[in-house]
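For the protein sequence lines, the chains are A and B, in the order given.
At position 187 of the first sequence the residue is numbered 187 (the numbering used here), and the sequence of numbers has no breaks.
Here the numbering used here runs 10000 ahead of the position in the second sequence, where the first position is 1.
For glycine and all other residues, C-beta sits at the position ideal for the given N, C-alpha and C.
Computed from a predicted structure; not experimentally measured.
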Amino acid sequence: MAYREPTDSYERYIPAKTPVIEPGHDYESVTEKISGLVLTQHTGRWWIVGFFISFLLVNVLFISIAWLLYKGVGVWGINIPVGWGFAIVNFVWWIGIGHAGTLISAILLLLKQDWRTSINRFAEAMTLFAVASAGLFPLLHVGRPWLAYWLFPYPNTMLLWPQFRSPLMWDVFAVSTYFMISLVFWYVGLIPDLATMRDRAVLKPIKYIYGLMALGWRGSARHWHRYETAYVLLAGLATPLVVSVHTVVSLDFATSIIPGWHSTIFPPYFVAGAIFSGFAMVLTLTIPVRAVYKLHDFITLRHLDNMAKVMLATGLIVVYGYFTEAFIGFYSGNEYETYMIRNRMFGPYAPGFWSLMLCNAVVPQLLWFRSIRRNVPLLWAISIVVNIGMWLERYVIVITSLHRDALPSSWGMYYPTIWDWGVFVGTIGLFLANLFLFIRLLPLISVFEIRELVSRQPEAGNLSEDEGKDNAMIPGIKPNPAGGDA
Amino acid sequence: MPLLAPPDQRGENDLNVMEKACPHHESEANEAPDAAAAPEFWRSFNELADTAPFREALHREFPALASEWRDPVSRRNFMKVMGASVALAGMVGCTKQPEEKIIPWVQPPDRTVVPGRAMYFATAMPFGGEAIGLLAESQMGRPVKLEGNPDHPASLGATDIFAQASLLTLYDPDRAQVVTNAGRLTTWDGFVKAIGDEMAGQKLNAGMGLAILTGAICSPTLKDQIAQLLKRYPQARWYEYEPSRSQAAGRAGDPARPVYRLEKARRIVSLDSDFLESRPQNVRMIRDFAFGRKIRAGDEGTAGATAMNRLYAIECTPTLTGAMADHRLAVKPSVIKQLAKDLLAAVQSGKPTPAQTGSPDDAAAQFIAAAAADLLEHRAESVVVVGDHQPASVHALAQQINMAIGAVGTTVNWVAPANDAASATAGTLSDLVNEMRQGRVNALLMIETNPVLTAPVDSNFVELLTQVRLRIAHSLYYDETAYYCHWHLPASHYLESWSDARADDGTATIIQPLIMPLYQTSTPHDLLLALLGQRDTTARDTVREYWRGLGLSNDVDWQAAIEKGIVPNSAYPSVKPPTARADESSPDGDSPASDGFEIVFRPDPSIWDGRYANNGWLQELPKPLTKITWDNPALISIDTAVHKLKLAPADNPSKANGRMVGIKYRGRSIEMPVVVVPGHPDETITVHYGYGRNRAGRVGTGTGFNVYSIRCSDAMGQDAGAQIEVGSTSYPLACTQEHQMMEGRDIVRVVPIGLFGQASEHAPESPQQTERDLEGVDAESEQFRKIPLTLYPEYDYSSGHKWGMSIDMTSCVGCNACVIACQSENNIPVVGKAQVMNGREMQWMRIDAYYTGEAADPQGPYFQPMLCQHCEKAPCELVCPVGATTHSSEGLNEMVYNRCIGTRYCSNNCPYKVRRFNFLQYSDETTPVVQLGHNPDVTVRDRGVMEKCTYCVQRLNETRTDVKRLEVEYSLARSPEQKQAIRAEIDREMSRLQTACQQVCPAEAIVFGDLNYKDPAGRPSDVTRMHAQPHSYGVLTEYNTQPRTMYLSRMRNPNPALAPDVKTQNVAPHA
């Protein structure tokens, strides 16, 4: 009963879809399964090992930051001409990763793609942690981090304001707004589930903590009404951010006059790249979690398939960006632009460029094939390749553009130091450690939204066969499908 | 304290005593940079054994610091920690010298000493036997900047890198601070007493065995004191040794020497003379040379100048002179004499043709014939300049050519010192070595010389030295020589001393101190006074007395001479040139061509013969052509690297840079890295001496390679017969400009002089330069600028100042003086080799050297001083999120250090990459003595802050303040006369305003000023007129940066008879 064969001619033109979740679930089994991951299941050995390794990396981060603050940014490999190195590369990479979460939760919500339900919670958490990791870098990379608050417009005795012409200034607003909205969106989405946790928890203190966080949710119709309104509003707020944040990040580069940065293609190309890398990261993380927690019923092959399709589409936009950059480099007739492209392709950082092409332009083309999209280990490998590729893309953009610009006399090379790697690996540790805690402490799949899906499954019994079909084609949100346990 | 150890403890035992007493000895034993530089003499049985426990013991002595010496950054840390204690220890140990009143002023004090206002005192810096006149800027009693003395013939207001950097040496915490005897701290009085006893003993046998070795002395008073000493001890001897000076250029016994007058020369032939570099005459030589290269279109009735001198350079190692030459012939050193002969023959023949000359190949024959024809065509307006290190025979040939072309008396004069009896008696180092070998020296006094480092290796100087009964060293540092001496007497810096010094044309300057000696130091005069037993006389009195007999009889004259910085009428009289010694049989320079490489020894361009090894500014100064810092790689040609040694592929010869090679020469060998230099002759290797010191101080110890270890007494300049073995390893070199090809970009515009003023019909120099040079482009870019390509409103400068700069690349010879001057003026820190390797050098100014053409056969180099361009539409200003870099109302692009949080976005967005960032804490803010040397008008920057050229805003501010005050006075003045006088004063203030780089520039290539300013006659300022020149252009104006710094294109004056590609052509030796 996985899915119906098309029965009439009309349906033949519509791609057959697998259901969003596997059949055979009712409200109880969904709630039991997901909340049980947190409340009843023993802490798995893999969790302990994984968290321990992440925690070690967090310590690497702390040590790297301490040394950085003690000695100065000179512990990194940056120099003149390459004034920005790993810090900015990682910043852009992490911010990009965050985008998938917002896209999945906000845009797909507004577009009523109900397959998002199984992965949105996890993706939003990923967004938060990625943005938190990203946010570290702009603070740490400045020469005098203790004065970084000067980036914020606050009234002060010197009557000085930040300089609003600088894209770095816009960055501050874009990233902080993004983090704020993502946090609120994520938390609001958590409230009904926190209530579920509260109700199912056995131990008093845990009940108490979840209760506090649930903000008195009782699942009344009024609650649901308010909730839905707030959630859609927040989604509406978050949606432009998906586009704006990476656009602003790209303007850091595009408004400069460095050949290789100064390019009008950057905003769309960065946004596409961000979604590309974000979905890759969601896949990279979801696939193991799905396997370990046996969530195949909720995160189905259809989810993976859809995500792979988004990756393929955004990947193609990114490749178009590469092509345009190269084309304009030669077409412009500007000797600096032309040299920049030649230098990327054949200069000292050429291995990075060609690896990037392999990772981002060649390998994702495998996703044209349905069999590969549904081959979970292979998909996982491709997602990791894309993650690496997108990191390389930022490396190539930042480093190769800076290291050889207008005057050959100032050309130089950039070699990352152990402290560059330390901070980078450390933020990966921070990100993973946060995710491990999240998995252990909060329902990683939205319980009530899954219940909502269950309610719409034909075999749930409360919908006719035809209604189920309609819903599969035109999914909609139905108010108050299930309510809390209360 | 006994002067001597008992007889049974002499020799090695002496050294053992010293070793136990002085911790320096042990701590430094482990820092010999390489095996070649390690002392050949063991100092204890343990060291002889050189066992692991011994090494461990050494480390244990200073466990925390033992490894810190290597890394400059850690060394800096160490300096911070130790500097304070060392300096304070020195201060405590210092016996205050009797105070002397220093009254004279260059500008007589119309106001009393005002804090924050600089005062200038005339003095002079002795250097290698000659002096350069200086004006020292004093801020509250501390010299903080040195400028040239415009009245001094060797300076003419400019200086060179050494004079600029000598200030840092004054405040070097590594300077020797206390008199030591056998490694124990003692006092000057202790020495005076001990030497008194010794001299009493010497008196008994008339000074037999007493020897004094000095560097080249330019102080007539000191010479007179030595003469007195020799008179009193008739058997004593004085020896003079200057490692970088050959005996050839009219020295011992023949004091007459040539003084060139390049400002009168329209054709110049350089016979392996790096007269733009060879100290200390170079400052005046550059000024005179550049005088003939100021190409200007006339404006407002002025005539302009479109004539240009032409320089032919025949040289081996590429030098600045060769770089500036219109035609350059790169030859092996052994060929130069032959070419000199050919040139003489060609000149004598009257109508030279290539066929007449016996030159090794066609290219050289053509070159010689063309040069000779050109010389003859400009009789009495041309000159041949010969290299100091060339053998006497080449000097003689050059002199003959100069006579044949009528140069003598016009473009070259001969002078001879009068009444210099003492110099005639001076022996050479080889004389001293002979005496020592025969055991005839029992007491050796070494004054401001470091023979243990610099003596030719075949003289075995250290071995001979350790056999001398009494060894005394008088020097600024506890150096290699001091280490082997019983007594070390710290020398006063010249800025702490009373003395006098003669320039190379004989003009004398009274050296007056700018500051009390910082430590327990003495001058050579004090030392001679002690030897002479004149205990009650001071150095000042001695100098005063000497000059009393020579024109400064009364105090008014004396005062005037000190104020002015020169003693009137003290220049040497002109003499007839000596009869040319066509010493054909002279063996030097005639070394037969052999299979191996020819080897050329030259002093290092930055740290000279090693005496400035501990000077961070100079260590970190990029060498003019290679842009290497902190090291002295050997130089080889592209062809040698690619084809002979196979170190690099033909399309990328620079891959060979840093490859280690072993140079085998006369049974000795040295391993050092090579660097490829375009224009170097093939199968020749140039090595620079001065590096590889093991007792220079914290900055200089262990940098580079000690070339003295293969330099022999009979081939101090060049020789044949070196073998090169390619090693497999590489050595990290810190280079500030790794990429020297211009990549076909329009950065330095090079234009033949024939095209000046012509808009069209010119032959291409290279395609991209053709299209853009002269009027065509600039008209276009002017128009380009009028299109409002910016959202932001234009600035309004209609009232007030509008600063601008113009740099003439035809004049600029790339001497680097501006780089050091800027560093000195603006408190720019030294960062160390590791940081330079990482691209973090801090100099606000750099001299870019570019080559054009193919990598395998490049043309150039062309120099371009690069500093903040102060763009009108500055890309840096827009991107700073906190507004730390802003546009001033006078058009400056300003850095607000306090506001900078260090995003480095401004640097990324600067197409000129002239911004410098404090990646780490580079400024030494703790060592007390270092703080004394900072310019109080300029902030010392902390870590995490961006910095860059400010157009010396502190100087602008000072002038602006003065001018504003005068303007108020002007408005209040009643009578027209008063107004006129005040107006004249304003003009004087404005014309006195100079940036540090401008002020130091010997070529006067940098012009700075107010673009709004007009003098009373309505004439615009110099810089406005430079900007209006047809060959003035801005770099990278296509970015719409609208720079305030404009460049005048590099003009070349090629001889039409010569194909342009001869410039860097190689010439093989005799077939």
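Taking the alpha helix (DSSP H) that residue i belongs to, which residues open and close that run?
i                           : result
asparagine 343 of chain A   : 335-346
histidine 10395 of chain B  : 10392-10404
methionine 11072 of chain B : As shown, chain B starts at 10001 and ends at 11071. That puts residue 11072 of chain B outside it, with no answer to give.
isoleucine 10472 of chain B : From DSSP, isoleucine 10472 of chain B is part of no alpha helix (DSSP H) but of the beta strand (DSSP E) over 10470-10475.
aspartate 10848 of chain B  : Taken as a continuous stretch (DSSP letters only), aspartate 10848 of chain B belongs to no alpha helix (DSSP H), being part of the beta strand (DSSP E) at 10846-10854.
aspartate 10937 of chain B  : Aspartate 10937 of chain B -> no alpha helix (DSSP H), and no H or E assigned at all.
Does the Cβ of residue i have 16 or more other Cβ atoms within 10 Å, making it buried, or fewer, making it exposed?
i                              : result
isoleucine 10510 of chain B    : buried
threonine 264 of chain A       : exposed
phenylalanine 10162 of chain B : buried
glutamate 465 of chain A       : Because the pLDDT of glutamate 465 of chain A is 41, which lies under 50, any placement of that residue in the model is unreliable, and the question is left without a value.
leucine 215 of chain A         : exposed
Spatial neighbours of residue i within its chain, please: CB distance less than 7 Å, with the 5 preceding and 5 following residues excluded, ordered by chain position.
i                        : result
serine 64 of chain A     : Trp419, Gly422, Val423, Gly426
glycine 10406 of chain B : Arg10379, Ala10380
serine 10244 of chain B  : Gly10128, Pro10603, Trp10608, Asp10609
alanine 10656 of chain B : Ala10641, Leu10647, Ala10648, Val10674, Val10676
histidine 223 of chain A : Trp217
proline 10858 of chain B : Pro10678, Met10741, Tyr10851, Thr10852
leucine 392 of chain A   : Gly352, Ser355, Leu356, Cys359
By the DSSP assignment, the beta strand (DSSP E) with residue i in it spans what residues?
i                          : result
glutamine 10619 of chain B : Note, glutamine 10619 of chain B: premise wrong, no beta strand (DSSP E); alpha helix (DSSP H) at 10616-10619.
glycine 10839 of chain B   : Glycine 10839 of chain B -> no beta strand (DSSP E), and no H or E assigned at all.
aspartate 10500 of chain B : 10499-10502
glutamate 10985 of chain B : From DSSP, glutamate 10985 of chain B is part of no beta strand (DSSP E) but of the alpha helix (DSSP H) over 10976-10992.
alanine 10163 of chain B   : Per DSSP, alanine 10163 of chain B belongs to no beta strand (DSSP E); it is in the alpha helix (DSSP H), 10161-10170.
alanine 10346 of chain B   : Note, alanine 10346 of chain B: premise wrong, no beta strand (DSSP E); alpha helix (DSSP H) at 10333-10349.
Looking at C-alpha atoms only, which residue of the options is the closest neighbour of residue i?
i                            : options                                        : result
arginine 10960 of chain B    : B/Phe10919, B/Met10946, B/Val11000, B/Ser10889 : B/Ser10889
valine 82 of chain A         : B/Arg10544, B/Val10929, B/Val10674, B/Pro10911 : B/Pro10911
glycine 10128 of chain B     : B/Thr10449, B/Pro10752, B/Glu10147, B/Met10199 : B/Thr10449
methionine 10119 of chain B  : B/Glu10137, B/Ile10132, B/Ala10131, B/Asp10504 : B/Glu10137
asparagine 10632 of chain B  : B/Gln10619, B/Thr10521, B/Thr10542             : B/Gln10619
tyrosine 152 of chain A      : A/Ala132, A/Ala134, A/Thr177, A/Phe279         : As written in the sequence, residue 152 of chain A is phenylalanine, which differs from the tyrosine given in the question. The shortest C-alpha separation from phenylalanine 152 of chain A is found at A/Thr177.
glycine 10322 of chain B     : B/His10680, B/Leu10892, B/Glu10989, B/Gln10718 : B/His10680
phenylalanine 346 of chain A : A/Gly44, A/Thr247, A/Arg404, A/Phe179          : A/Arg404
tyrosine 187 of chain A      : A/Asp199, A/Arg165, A/Tyr210                   : A/Tyr210
methionine 10516 of chain B  : B/Phe10863, B/Leu10495, B/Ile10295, B/Cys10822 : B/Leu10495
methionine 10660 of chain B  : B/Val10726, B/Lys10833, B/Val10556             : B/Val10726
aspartate 10926 of chain B   : B/Phe10917, B/Val10914, B/Val10940, B/Arg10916 : Correcting the residue type first, residue 10926 of chain B is threonine in the shown sequence and not aspartate. If we check each option's Cα against that of threonine 10926 of chain B, B/Val10940 comes out closest.
aspartate 10151 of chain B   : B/His10688, B/Ile10753, B/Asn10569             : B/Asn10569
Looking only at its own chain, which residues have a Cβ that is under 6 Å from the Cβ of residue i, when we skip the five neighbours before and after it?
i                        : result
leucine 10993 of chain B : Thr10959
Selection of the stretch 382-404 of chain A by Cβ proximity to chain B, strictly under 7 Å: Residues of the stretch 382-404 of chain A with a C-beta less than 7 Å from any C-beta of chain B: Leu402, listed in chain order.
Interfacial residues, the stretch 89-103 of chain A to chain B, with Cβ spacing under 9 Å: Hits within the stretch: zero.
Within 9 Å of chain A by C-beta, residues of the stretch 10935-10960 of chain B in sequence order: Per Cβ criterion, the list reads Asp10942, Arg10943, Gly10944, Val10945, Met10946.
Under 7 Å (Cβ pairs) to chain B, residues found in the stretch 407-420 of chain A: Residues Leu407, Pro408, Ser409, Ser410, Trp411, Gly412.
Positions along the stretch 10721-10744 of chain B whose CB lies within less than 7 Å of some CB in chain A: Within the stretch 10721-10744 of chain B, the qualifying residues are Gln10737, Glu10738, His10739, Met10741, Met10742, Glu10743.
Under 9 Å (Cβ pairs) to chain B, residues found in the stretch 320-349 of chain A: Residues are counted here when their Cβ sits less than 9 Å from a Cβ of chain B; for the stretch 320-349 of chain A these are Asn334, Glu335, Tyr336, Tyr339, given in chain order.
Residues in the stretch 66-78 of chain A having any Cβ partner in chain B nearer than 9 Å: Per Cβ criterion, the list reads Lys71, Gly72, Val73, Gly74, Val75, Trp76, Gly77, Ile78.
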